Every structure is written in C-alpha cells, then in structure tokens.
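Undergrad:
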Amino acid sequence: MASEKSFSLLSLLVLVLVGYSHINQCSVVATMSKSPEAEALLKWKGSLFQSQALNSWSLNVSPCNWTGITCNGAEEKVAEINLPNCGLQGTLDQLSFSSFPSLVRLDLLNNTLNGIIPSHISALSKLTYLDLSKNQLSGTLPLSLANLTLISGLSITDNKLTGKIPAGLFANWSQITSIQLSGNLLSGEIPSEIELLKNLTNLNLFSNNLSGWIPHGIGKLTNLEYISLSENSFTGLIPPSLGNLSKLNHLSLFANELYGHIPPQIGNLTNLNWLGLDNNDLIGPIPSTIRSLSNLDVLRLGSNELSGSIPPEIGNFPKLGQLDLSENNLSGPIPSSLGNATRLSFLYLFRNQISGSIPPEIGNLTQLLDLQVAGNLITGSIPSTLGNLVVLRMLNLQNNAFSGSLPQAIANLTHLENLQLSSSNLSGSLPEICQGGSLQIFIAVSNHLTGHIPSSLRNCSTLIRLRLDSNKLTGNIANSFGIYPSLLYIDLSYNKFYGELSSNWAGCINMTSLKITNNNISGRIPPQIGQLSQLKLLDLSSNHLEGEIPKELGRLPMLYNLSLSDNILSGSMPKQLAELPTLQLLDLSKNNLTGPIPKQIENCTRLWSLKLNRNGLNGSIPFQIGNVPHLGMLDLSQNLLTGSIPPQLGKLQMLEILNLSHNMLTGSIPTDLKNLESLLSIDVSYNELGGPLPDGRAFRQASIDSFKENKDLCGEVHGLRTCNSTLISPVDGKEGRKIVIIIVVPLAAVLFLLFASVGIWFTYCRKSRNTNNMNQEPCNHNITSIWNYDGIIIYEDIIQATENFDNKYCIGEGGYGKVYKADLPQDQVVAVKKLHPLEDGEQLDQRTFRNEIQVLTEIRHRNIVKLYGFCSHTRCSFLVYQYMERGSLAGVLKNDERAMELDWIKRMKVVRGVAHALAYMHHDCNPPIVHRDLSCNNILLDMDFEVRVSDFGTARLLKPDSSNWSTLAGTYGYVAPELAYTMKVTEKSDVYSFGVVSMEVIMGKHPGDLISCLSTSRVKDILLKDVLDQRLPPPTNQEMEEVASTVMLALACLRSDPHSRPTMYDVSKEQSVMRVPSVEPLHTIALLQLMDPKISI
C-alpha cells in the first residue's frame, strides 16, 4: 500500500516537471535550484516594471524549470541566467548576486535595464561570462568588477556608461579573452595596465569618448585577433608595437585624432583582413610595406592628409573588396594595376589631387558596385571599358577635367542607380542611359552637353532626382520628358529647351521641386501643375511664358517658393496665390501683370520675400501687407501704384529691403517706418512724395538716389533740404525774432522746472537712502520704473513672489547673479536678476550694476530684453526684466525635446535676431555699445521663438578713439582670442562671440572642437552636413541654402584676426543676400568652401 502511494506521488512529480519543462519564452530551459536562489530571483522579478517573459517564475515550480534559468546537475545550484531579448524593464539593484555562488554565466543582452551596475555584482566569484549589452545602464564601471577573477568574456556595449576605465580592473583579469565596451560614453585614457591581459583576443572600445595616446603596451598582447578603438578622441602616433600582433585580423582606428605617419611595422600584420585608419590626421605616403598585407579584404585610409602616389602593389591584393583612399592629398595617376583586384566592390578615390586619365584596366573590375573618383584633376576621355562594369550601381566622376563625350558604352550599365557627372567638362550628347530601368539619381550640372534627351531617359520611370541645368541641351520640352511617378526634384534651367509645357507634369505626383528657368519655353502655364500636392518649389522664370497665371497654383498646399519672373505673363495677380499657407518667396516681377495687389496677401503669414516689381499693377498698396509678420523683402517698384504709403508697413519688424520706387505714390512717408529696426535698404525715388523723412537708421544711411525725383521730401540726407530750413525764411527779421522768443522762452521755463524737479528728487533719494542704511533695510522699497511699466514695483511684491529669493524660483544663474521668476499681482510675470554679494557683505561691483542700467535705459530694440525696473543698495541689488517663457537659448539646445522644436527655420530666425540686436548696439547707439559677454546663456526666447539679448552686466560704452582697455570679461568659449593678450575691447569682440553662437545654434552644441581645427588643414575634410545638429531632420534644399549662408557668415566672424572680421552691420546685411557656393548638391558643401574671403569689414 505504501509503495503504491509512493509510486503515485512520484508519478505526479514527474508530470509536474514535464508540464513545466516546455515553458521557454526567451532562450534556455534548465533544471534546478534551491529556495534562497528562487527567492532572490522572485524578489528581482517583483522590482521590474516589465517582466511578462518571466511568467513561469513561481514557487509552485522548480526554479530550474524557469525561463532562462540553468542549473548544474549535481549541486542543484543556478549556474546560468540567460534572459536576452526578453523586454525586461527595471534595474539590477534588487538582484541579490550573493545568492548565486555557483553562477558562471549572466546574459541580459538587449533589454531595457537602467540604473547603475551594482558594486555587489562582485559577489559572483565564479562568473566567467557577463553580457549586459544593449540596455540603458548608466554610471561608471564599478571597480568591484575586478573581483571577478575567473571572467573570460565581458560585454557591456551600447549603454550609457560614463567615467574612466578603472586601472584596477585589469590586475586580476588574467583569464579574460574578450572585452567589449563599445557604444558608451566612457572617457579618459586606456590604462597602461591593459598590457597584463595576456590572453586577450578581442578588444572593442568603439564609439566612446576615450582620449590620450593608444598604449604602447597593447603591442605585448600577442594573442589579440580583433582591435576596434574607432570613433573616440585618441591622439598621438599609431604605436609601432602593433606590428607585433601577428595574429591580428581586424584593426579599426578610424574617426580619431591620430597624427603622424602610418608606421611601416603595419606590414608585419600578414593575417590582417580589415584595416581602417580613415578620418584621422595621418600624413606622409602610404608605406611600401603595405604590400605584405595580401589577405586584406577592406583597406580604409580615407579622410586623412596622406600624400604621394597610390602604391601599385595594392592592385595585387587578391581578396581586396573595399578600397577607400578618398579625401587625402594623393597625387599621380591611378595605377593600372588596380585592374587586377577583380574582387573589388567599392573603390573610393574622390577628393584627392589625382591626375592623368582613368586607366582602361578599371573595366576589368566586373564586381564593382561603387566607383567614385570625383574632385580630382583627372583628364582625358572617359574609357569605354567602364561599360564592362555591368553590376555598377554608383558612378561619380564629377568635378574633374575630362575631355570629349560620355562614352556610349555607359548604356550597358543597366543596374546603375546613381550617376553624377557635374562640372566635368563633358561635351556631346547623352548616351541611352537607364536602359535597365534602375536609374534614380542623374546629375550632370555645368557641362557642355548638347543634343536632345535620349528616349531611354525620357522613359526612365525610376528617376527620383534629375539635374541637367547649365548645359546646352535642346529639344521640344513637351515631348522630351515623360511621367516620373517617383521624381522629387528636377532642374532643367539654363539650357535651350523650347516649346510649351506639357500637362503630363501633373503625373509626377511626388515632385517637390520643378525648375526650368532661363530656357525658351513659350505658351501658357498648364493649370494641371496645380495638382502637384507635394510641390514646394516652382521656378519657371526667364522664359517666354504668356497668358494669365493659373489660379490652380493656389491649390498647392506645400508651395514655399514660386518664381515666375521675367516672362510675358498678363492679367491680374490671382487672389488664390495670396492665400497659400506655406508661401515664403513670391516673385512675379518683370511681367505684364495689371490690376490691384490682392489684399488677401495678409494670409501668407510665412512670406518673407515679395517681388512684384516691373509690372503694370495699379491701385493703392494694400495696408494688409503690414500684417505679414515675417516679410523681409518687399519690392513693388516700377508699377503704376497710386495713393499713399500705408503706415501699417511700420509693423513689418523683419523687413530688410523696401523698394517702392518708380510709381505714382503721393503724400508723406509715414513716420511709423522709423520703427523698422531691421531695415537695411529703402528706395522711394521717382514718386510724388513730400514732407520729412522718418528718423530711422535706413533713412539716415541712404543716399540721395533713394529719394530723388519726388515732390518735396526733406531730411538729413545729403542732397535733400533740411526740414527746418523754412521755419524763419518766410517772414522778415522782426517776425522771425518774435517767433524765436515765442518758442525759446516757454522752452527755457520748462527746462528750468524739469531740472529743479530732478534736483529735488535726487535730494529726496539721498535722504531716503540714508534712512534705509540706518534701519538696515535690505533694499529700497520703491524700485524706480525705467520705461514701459505701469506704476511702481513694490519691493515687498518681489520678496513675496520669490519667497525671499528661494531657490525653487531660480530659473538661471550667470557670473553676476541668479535669475528668479516672480509672479506679481495683476498676473504680471517678471524675471528678477539678483546680483551676487561679495564675501564681506558689500555689493558686487556697483559699476557692473550701473553699466547694465545705463545701457538698457538707452536701448529700444525688439531683439533686446526690456528692463522694467531696478533696486540698488549696498546690501541688495537686482534688476526686473521682461520674463521670457522659453528661457535661454542654451537651455533649449541642451534639452533634446525642446531642441527638436527649434527647427531650421526657427534657428535661422534666432541667428538673424541676434545679428540685428548687435548691429543696433554697434551702429545705432551713440556712443556704440559692446556687449562683451554674448553667449547662448544670455540669449532668451519668447513663446514665438523671438530672440531677446540680455545680460549687459559686463557691457562697456565705447567712446570713439578711446583705447578701451579693461579687465577680461565674458564667458569661456565665447571670448575672442585677442582679448587674452591685448585686453582691448572692440565691437569685433562681439562679432567673434556672435560667430560662436551662430555655430552653436547650427550644431546644437558648443563648437569648441570645430573652431580649434578651422586654422588647420583638417577643415577641408569637414562637410557642412556632418556638423549640423543631428537631432533635427536634414534641412530641405531651401533651408540648406540659408543654413549654408549662415555658416559662411559665422566662419567669417570667427577669423583670428579681428580686423578681417565683418562688422555686425555687414553681417546683418549679408543675411538678406544669402550667398551660397554653387556646389551640387548643397549637402556636399565642405566648410572650407564656406570660408569666403569676400565677406570682409
């Protein structure tokens, strides 16, 4: 009976074990554990936010049958925890490592674990393998890891670890074979103790912030097979001792700051199949010993400063599949021996100084997928043998000096997807390309191509981008091009196409840009173009188009640039165009348009350039134009406009260019126009205007040509009469004296009363100040109102609103004080800057405080922060500012989410605003004002991302011809270099700081490292697209033009010689011109191309 009962219980146990043995949702199932281990695992499970993969973990089941748990057979202890790819969320804090004395393997790869690596992980004394890769772990590598003396494999890649690699780790890891710490934020140097790891075969520290020299001792680790130290900040020479690593098959050192020559000992690594030294500062020739590396599959030496010729021995590497020698200073011809490397798939030789012709032997590389030799000095004809590269997908030959035509054999490249031939001096007709129906990008800008478009290209429905502008191509445009459903961008400008535009363009449903300027196109604009719902840019200027502008163009919801200038279009301007929500540039100039300007133009709220000049438009200027907030260019010249200039134009605070010349305008120029602080150019000549000129900067600085041929204008412009010249002349001397008496006597009386009042007020203030000192009050109760504030701010309101300047109200801190947010009565929100006291209780430099008051009381500009009031006392001084909702520009850029809101258009707006503010301070204030401490910390943003420059605590008034020697002031990283040794303050100091700020806005971070290499040859290797803030989507072409223009100005401001920097007036003016180097595409522009010497003082 007892035996039957025992048998039943045993059977039941077997069934339970079998029932749970199939539960495995991650990776491994195993067999046993004891209660303390089970309790530790369940406690950890309970601490996780996400643990569905651990549903099998229950006390009702043996832990050895739990998901991911493996036990050793005899001791029934947990030997392995394998939970990769299980979606676990939480920390390791609650995992009691001391409960697992037999654990040899811990694998938590690819989960969402965060927090730090607990120091008590050292309790796993028998651990041989640890993998915590692809989580979100932070903090430093705990030194206690050194206690894992049996560890052979350590992998903690792709986390957020920071700090240095502790030198003590390597002392006890005598058995370790693999260290993988890539994809973290580790800093500092590689400890020299690494040479103790004699069994190490794999060292992967890729993509960290490590610096210093690569330890020479790594050359002692003769068992190493794999080294990756790429994408760090290592400097110095490549250790020659690496030549001792005879087993090495992978050496990756790219994207560091290594310099010097490639050591010839590299030729000793005969087992090497992957060598990456690209993106460093290596110089000299490619060593001849490289011929010994016959096992190489990948050789990457690009983006250095290597010189000399290409070693012909490279062509004898039988396994070579990728060769990158691009972006160096290599010269001489392309070795014909490269034709022997028949396994080559990628050949990059672009941007060197290679000369001679392309050897026909290149045609032997029948496995080649990508061939790029752009940006060299290659001459001669393109060999027809290139037609043998039948699997080629990318061919880039642009920016060379070829002769002759593109060989017809190119038609054999039926797999070709990208063909770039721009600026290559090619002539003749195009071959029948795209016969295989694979071509997506074809760019052949600025050549001498002639003839008609081949039928294969007309039928190439796979095209995404087509640029044939600046050639001599001809043919009837109506049947030269087909329907391209994937086409995004096409530019056929500056050719000789004729005929009428076909309605078939409406079939290019994804097109975003259509440019056919400067051809001989005639006929009408097809209304079907209005069906291109993705179209952003339409430029048909400088042709012979006629008829009316189709109202259907008003249906293009994404259109931002419409240019139809220099045609013979007639009729009125369709009001539908004035309702395009995204329109930014509208150019209908040089046509035969008539009728009024539609008042609906106010609906184009994003418009910043409006050119309607040289038409026959009549009627008055609609006042609604004043409601277009971002308008920067307005040209209505050479029309038939009548009536007066609407005063509402004074609201266009971003207007830079205003041309109303050659019309029939009457009346006076509205005084409201003096408020246009951004205005750089004004022209109202050839009208019938009279009266005084507004007292604005643009009017004062304009020449007589801007006002000539009017009725009776007067003002302070050379060539115009002064407006007060007729006050006395119409009356005789006695009457004149009476007038003078009538004016002067009351004026003198008013001035006397004013000065008397001021004297009484100062006497009262002195007494009040003495009384306050006796009572030891912290500050004056009354904060004097400066401007634009109703009533007196009560000191107690400030104290109450900030709870006596409690830190919880602190919103920022600078070198001179903390800034607090204060919610005052009547829903008034202000920013209060309380200056730091000195240790002895006296106020921080009172001159600093008075300077800021003096400067701000004299400034009136929309891009400079408003001062509402102040309090000055020996024990308490603070300023009351306008509160800016978005805080500082630095705070926005440091926060990923807020930085994403600051898109490219807004960032360019920010830079323009700062430029306008500084131009006003330098050129419109008398004497000029230098900020001296411009940085992203004191550039503030309101809810609409409008800029306000603040913090004039270090400002100094510049008097002409004074030396302006002073103590060094400013924020580290923004101070002009000359101040460190001259201490001489000029406006050019601000110009330099502006350049730093501009680049920081573009890059999303301080450009310190970039600035340090601008004066070195490394700048030629830096592309504009690589320095842009990677948190934002890449700029559109139109945005990229403005970004490139901004960077060009910023680089001019960063010149080391202050005399060669532009003035802020020049910068502000240049920003409206947007000069960009003619590089195609824009995303290939290098910073060196933007260092424009024509931008000068």
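Read left to right, the sequence shown gives residues -23 to -1, 1 to 1074 (mature numbering (1 follows the signal peptide of the UniProt record, and there is no 0)).
Yeah, the Cβ is synthetic: ideal placement off N, Cα and C, and Gly gets one too.
Note that the structure is a prediction, hence the values are computed from the model and not measured.
1. Alpha carbon to alpha carbon, how far is residue 881 from residue 874? Give it in angstroms, no decimals.
2. In the DSSP assignment, find the alpha helix (DSSP H) that holds residue 1016 and state where it starts and stops.
3. Closest to residue 1000 by C-alpha separation, out of 1024, 1019, 322, 589, would be which residue?
4. Would you kindly report the start and end of the unbroken alpha helix (DSSP H) that includes residue 868?
5. Just checking my contact of residue 402 with residue 380 at CB under 8 Å: how many whole Å lie between their CB atoms?
6. So does the segment 898 to 912 actually touch the segment 1029 to 1037, counting three or more Cβ pairs closer than 8 Å?
7. Starting from the C-beta of residue 531, find all residues in its chain whose C-beta is less than 7 Å away, skip the five residues before and the five after it, and write them out in chain order.
8. Give the secondary structure of residue 266 by DSSP, where H, G and I count as helix, E and B as strand, and everything else as coil.
9. Residue ranges of each beta strand (DSSP E) run of no fewer than 3 residues wholly in the segment 566 to 615, ordered along the chain?
10. Taking only the alpha-carbon atoms, compute the straight-line gap between residue 963 and residue 478 and give it to the nearest angstrom.
11. If you draw a straight line from the C-alpha of residue 415 to the C-alpha of residue 328, how long is it?
12. Touching or not, the segment 419 to 432 and the segment 395 to 410, by the rule of three or more beta carbon pairs under 8 Å?
13. To test your reading of the DSSP string, which unbroken alpha helix (DSSP H) runs of 4 or more residues are found completely within the segment 405 to 450?
14. Excluding sequence positions up to five away, which residues of its chain have a Cβ less than 6 Å from the Cβ of residue 112?
15. Taking the continuous alpha helix (DSSP H) assigned at residue 1044, which residues delimit it?
16. Tell me which same chain residues have a C-beta within less than 6 Å of the C-beta of residue 611, skipping the five on either side of it?
17. Please report the Cβ distance between residue 1063 and residue 982, rounded to the nearest whole angstrom; I am assuming they are in contact, meaning their Cβ atoms lie under 8 Å.
18. Relative to the alpha-carbon of residue 701, which residue among 228, 670, 543 has its alpha-carbon at the smallest distance?
19. Taking just the CA atoms, how far does residue 898 sit from residue 932?
20. Check whether the segment 21 to 28 touches the segment 42 to 60, counting contact only when three or more Cβ pairs, one atom from each stretch, lie closer than 8 Å.
21. Since residue 669 sits in a beta bridge, which residues does DSSP pair it with?
22. If contacts are defined as beta-carbon pairs under 8 Å, then residue 153 and residue 191 qualify, I think. What distance do you get, rounded to the angstrom?
23. Between the Cα of residue 201 and those of 434, 447, 124, 221, spot the shortest distance and give me the residue it belongs to.
24. Could you give the DSSP three-state label for residue 848: helix, strand or coil?
25. Taking C-beta to C-beta, are residue 107 and residue 131 nearer than 8 Å?
26. Taking its Cβ as the centre, do 16 or more other Cβ atoms sit within 10 Å of residue 449, making it buried, or is it exposed?
27. With a threshold of 7 Å on Cβ separation, who are the neighbours of residue 365 within its own chain once the five nearest residues in sequence on each side are excluded?
28. Going by DSSP, which residues form a beta bridge with residue 66?
29. Compare the Cα-Cα distances from residue 373 to each of 303, 34, 103 and report the closest residue.
30. Evaluate residue 1034 with the Cβ neighbour count: other Cβ atoms within 10 Å of its Cβ, from every protein chain shown; 16 or more gives buried, anything less gives exposed.
31. Please list the terminal residues of the continuous alpha helix (DSSP H) segment that includes residue 1003.
32. Please state whether DSSP places residue 482 in a helix, a strand or coil.
33. Name the DSSP beta bridge partners of residue 799, please?
34. Closer than 8 Å by C-beta to residue -5: which residues in its own chain qualify, once you throw out the five before and the five after it? Chain order, please.
35. Closer than 8 Å, CB to CB, is residue 496 near chain B or not?
36. Please list, in chain order, all residues of the same chain as residue 277 whose beta carbon is under 6 Å from its beta carbon, the five residues on each side excluded.
TA: Inspection of the coordinates gives the following:
1. 15 Å
2. 1014 to 1030
3. Comparing Cα positions, the closest option is 1024.
4. From DSSP, the alpha helix (DSSP H) with residue 868 extends over 866 to 871.
5. Right, their Cβ atoms sit about 6 Å apart.
6. no
7. 551, 553, 554, 556, 557
8. Helix.
9. 569 to 572, 586 to 588, 593 to 597, 610 to 612
10. 57 Å
11. Near 27 Å, if we compare the C-alpha coordinates of residue 328 and residue 415.
12. Note that the segment 419 to 432 touches the segment 395 to 410; at least 3 beta-carbon pairs, one per stretch, sit closer than 8 Å.
13. 432 to 435
14. Once the five neighbours on either side are set aside, the close Cβ partners of residue 112 are 88, 90, 136.
15. 1041 to 1047
16. Residues of the same chain with a CB within less than 6 Å of the CB of residue 611, apart from the 5 flanking positions on each side, are 587, 635 in chain order.
17. In fact, because the Cβ distance is near 20 Å, the residues do not count as touching under 8 Å.
18. 670
19. For residue 932, the pLDDT reaches just 46, beneath the cut-off of 50, and the residue's location in the model is therefore unreliable, although a value from the coordinates is still provided. Cα to Cα, residue 932 sits roughly 11 Å from residue 898.
20. no
21. 691
22. Wrong, their Cβ atoms sit about 19 Å apart, outside the cutoff.
23. Residue 221 is the option with its Cα nearest to residue 201.
24. Correct three-state label for residue 848: strand.
25. Yes, Cβ-Cβ distance for residue 107 and residue 131 is below 8 Å.
26. exposed
27. Cβ within range, chain order: 340, 343.
28. Per DSSP, the beta-bridge partners of residue 66 are 27, 89.
29. 303
30. exposed
31. 1001 to 1004
32. helix
33. 807
34. Only weak support exists for where residue -5 lies, its pLDDT of 41 falling under 50; the value from the coordinates is given anyway. Excluding positions up to five away in sequence, the list is empty.
35. Protein chains in the displayed structure number just one, and chain B is not present.
36. Cβ within range, chain order: 253, 255, 301.
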